[in-house]
Amino acid sequence: MTMTLRPGVVTADTEYGMALLDQSSGEYYTLNPTAAVIVRALLDGTTTDQAVTALTDKYDVSAEQVEEDIARILEELRAARLLTG
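Residue numbers (our numbering): 3 to 87.
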């Protein structure tokens, strides 16, 4: 699964990861560096499975942990209504 932000949601890289701004509500959200890597990959069209493989190859982390992290991030972004679909 790839990810698409809802129209009006913009991203900006920060010193500490990434910020997402919902221009319609004026609310912004911050992501830590790990979450930012995951979100960038999914926004660039990487599938969840490809992201898991890339992150487990790059970092000392299990596939299960990466899958849990991705699921949690997607759940939080959906709850904040930042994603399409």
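All C-beta atoms in this analysis are idealised placements derived from N, C-alpha and C, irrespective of residue type, glycine included.
Should residue i and residue j be called a contact, given that it needs their Cβ atoms to be closer than 7 Å?
i	j	result
residue 41	residue 57	no
residue 11	residue 22	yes
residue 19	residue 33	yes
residue 54	residue 37	no
If you run the structure through DSSP and keep just helix, strand and coil, what is residue i?
i	result
residue 85	strand
residue 63	coil
Would you tell me roughly how many angstroms separate the C-alpha atoms of residue i and residue j, rounded to the nearest one?
i	j	result
residue 86	residue 59	29 Å
residue 14	residue 35	12 Å
residue 31	residue 62	27 Å
residue 84	residue 76	10 Å
- Message: What ranges does the beta strand (DSSP E) occupy inside the segment 14 to 42, keeping only unbroken runs of at least 3 residues that lie completely in it?
- Response: Restricted to the segment 14 to 42, the beta strand (DSSP E) segments that are unbroken, complete and at least 3 residues in length are 19 to 24 and 29 to 33, listed in chain order.
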